[in-house]
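Colleague:
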Amino acid sequence: ISDGFSAKYGLAVVGHLLDTHGKDVNLGQDTGCAFSKTVNSSPLLGDKARKYNLKICVNAFHGYAHSRLCQLSFHPLYLPGAGLSDLEVMERVFSSSNSTARINRYASPFHFLQSLDLHFQQWDEDRYGDLSTFLYQKYRQAITIIADYTPAVKELCSRLAITESDINTWPECERSFLMSLKEEPDERKLSAAYVRAL
């Protein structure tokens, strides 16, 4: 984002998040890699975001479209504390609002906003009613993952003679390796040229 004006709403949201939730907030955003640079260079929020340890990442689906180096830095899979969420909730929220399109197509501005307001009120009520079930299911999912995969990871670690701390360093090692690559290796260039020639 080249100018501060196109990012003003995103920066306003970040400011509100930091004021409301304080330290150690993880924020998922479609263009999290570019947006993190915008936040860090912001004269109003940059210092505050660093002081409050704000982490900005890309949503899981969008993360796979980015380069591998970007994934290692911004994909929720590699961020401690990101949890089990794919961070695509807002995509689902706005996708659900598409159902109001047939009502809103020829509506006056007032009725257009009224229809959206009613839609999101109903959305909130439906989700509030399901909140305890949602939290319980997420908790059970986390417990199941820990119970099922911890023994498998420990067994694999002992078989491969590695430790958990070794595994935790792998993303950083891969990031360092990718950053050290100034140019694509000659063998890859040759392979690509061979495939193109076919």
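Residue numbers for the sequence shown follow our numbering, beginning at 95 and rising by one.
Backbone N, C-alpha and C define an ideal beta-carbon position, used for all residues, glycine too.
Note that this is a predicted model, so its numbers are computed, not measured.
Got a sec, what are the start and stop residues for the alpha helix (DSSP H) G177 sits in?
Modeller: Premise fails: G177 is in no alpha helix (DSSP H) and is neither H nor E.
Colleague: Give the secondary structure of N262 by DSSP, where H, G and I count as helix, E and B as strand, and everything else as coil.
Modeller: Looking at N262 - three-state DSSP - the assignment turns out to be helix.
Colleague: Do the CB positions of L105 and S130 come within less than 9 angstroms of each other?
Modeller: Result no, Cβ atoms of L105 and S130 do not sit closer than 9 angstroms.
Colleague: Determine the DSSP secondary structure at L121, reduced to helix, strand or coil.
Modeller: Correct three-state label for L121: strand.
Colleague: Assign A241 to one of two classes, buried (16 or more other C-beta atoms within 10 Å of its C-beta) or exposed (fewer than that).
Modeller: Burial call: exposed.
Colleague: Ignoring anything shorter than 4 residues or poking outside the segment 170–223, list the alpha helix (DSSP H) runs there in chain order.
Modeller: Complete alpha helix (DSSP H) runs here, min 4: 183–190, 195–198.
Colleague: For G122, is the classification buried or exposed, using 16 other Cβ atoms within 10 angstroms of its Cβ as the cut-off for buried?
Modeller: G122 should be labelled buried.
Colleague: Going by beta-carbon coordinates alone, are P170 and S161 separated by less than 9 angstroms?
Modeller: Going by C-beta atoms, P170 is not nearer than 9 angstroms to S161.
Colleague: Classify Y288: buried if its beta carbon has 16 or more other beta carbons within 10 angstroms, exposed otherwise.
Modeller: Its Cβ having fewer than 16 others within 10 Å, Y288 is exposed.
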